[in-house]
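Step one of this worksheet: look at the structure below.
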Amino acid sequence: MPGRGRMRGPLFDSGVRRTIAALAVAALVLVTAGFVLEMVWLFGIGAWFLITAGLLEMIYRP
Numbered sequence: 003m004p005g006r007g008r009m010r011g012p013l014f015d016s017g018v019r020r021t022i023a024a025l026a027v028a029a030l031v032l033v034t035a036g037f038v039l040e041m042v043w044l045f046g047i048g049a050w051f052l053i054t055a056g057l058l059e060m061i062y063r064p
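In this text, residue positions in the sequence shown follow the numbering used here: the first is 3, and each later residue adds one.
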């Protein structure tokens with residue numbers, strides 16, 4: 003029945019897209035903070051967030 007529960011398709015896609023966007027924004031913030039504060043570990047975590055966002059984009063591409 004339409005409208006009941008979560009279905010695969012556009013709803014699932016928008017959740018994945020939101021996750022990818024959140025990871026990309028977090029990566030940008032962490033890389034910038036790591037560069038400004040000269041903390042390599044923040045830079046590294048931001049890089050891993052960006053890698054994760056890229057992999058999710060490649061795997062869940064519609």
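Glycine included, C-beta positions come from ideal geometry on N, C-alpha and C. Predicted model, so just to flag it, every value in this text is computed and none were measured.
Determine the extent of the alpha helix (DSSP H) in which residue i is found, giving its start and end residues.
{"i": "Glu-40", "result": "Where Glu-40 is concerned, there is no enclosing alpha helix (DSSP H), given that its DSSP letter is neither H nor E."}
Helix, strand or coil, according to DSSP, for residue i in the structure here?
{"i": "Met-3", "result": "Because the pLDDT of Met-3 is 49, which lies under 50, any placement of that residue in the model is unreliable, and the number read from its coordinates should be weighed accordingly. Coil."}
{"i": "Arg-19", "result": "helix"}
Mind checking whether residue i and residue j have CB atoms under 8 Å apart?
{"i": "Leu-58", "j": "Ile-47", "result": "no"}
{"i": "Val-42", "j": "Gly-36", "result": "yes"}
{"i": "Ala-29", "j": "Leu-44", "result": "no"}
{"i": "Ile-22", "j": "Ala-49", "result": "no"}
Under a Cβ-count criterion, where at least 16 other Cβ atoms within 10 Å of its own Cβ denotes burial, should residue i be classed as buried or exposed?
{"i": "Ala-24", "result": "exposed"}
{"i": "Met-60", "result": "exposed"}
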